[in-house]
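In what follows, a single structure is set out as structure tokens and then discussed.
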Amino acid sequence: MSTTTVTKYVRQFLAAQPIAKMTREEREAAVWQEWQEIAQKLRMDIEEQRHRGRVKVVRNRHPDGSETVEQSMLAGVDPQLYRAWGAHLDRKARQLLDQTPISEGGNVVNVSVVRDFLGQSDAPAARLSAEQWNEQAAIDV
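Once you know that position 7 of the sequence shown is 7 in my numbering, the rest is easy, because the numbers rise by one and skip nothing.
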């Protein structure tokens with residue numbers, strides 16, 4: 001299967017997604033609602049662990065194949081939950097400021113679209129400018 005065919009299928013798939021039919025404001029509202037739901041779930045989990053504590057499970061496997069499981073109740077909140085909360089707030093702040101996360105390391109380039117643009121015929125009349133190309137081949141990812 002060629003990259004052009006794959007790109008065509010990806011474009012069709014993305015165009016069929018419900019979020020592609022939304023306006024920018026509707027997409028922002030949907031993303032904001034998702035952020036709020038995640039934040040609420042994290043807050044509830046943190047509050048529950050503050051009141052009840054957390055269960056620590058230690059599994060020991062012995063050379064004879066047996067396993068012992070020790071469960072203990074610890075006071076406080078799991079550090080992993082605090083890390084998840086911090087990562088959530090960081091991602092939310094970056095999105096609000098239109099910044100990309102550090103892990104992405106820059107802009108993502110769709111190679112097949114660039115290849116299609118550069119592969120236009122050499123005839124000057126048939127060649128599109130970058131702006132015309134973007135208007136003609138709009139991809140909503």
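For glycine and all other residues, C-beta sits at the position ideal for the given N, C-alpha and C.
Rounded to whole angstroms, the gap between the alpha carbons of Q95 and A87 is 12 Å. For the pair of segments examined, the stretch 38–58 was found to touch the stretch 74–94: the number of CB pairs separated by less than 8 Å reaches three.
Beta-bridge partners assigned by DSSP to Q71: V57. Following the DSSP letters along the chain, one finds P18 in no alpha helix (DSSP H), marked with neither H nor E.
For A75, the closest C-alpha among the options V10, P18, K56 is that of K56.
Taking C-beta atoms as the reference points, V77 and R54 count as a pair closer than 8 Å.
Within the same chain, Cβ atoms closer than 8 Å to the Cβ of R27 are found at I19, the five residues on either side in sequence being excluded. Setting aside the 5 residues that flank it on each side, T68 is surrounded in the same chain by R59, N60, H62, each with a C-beta closer than 8 Å to its C-beta; the list follows chain order. In the structure shown, the three-state DSSP call for L97 is coil.
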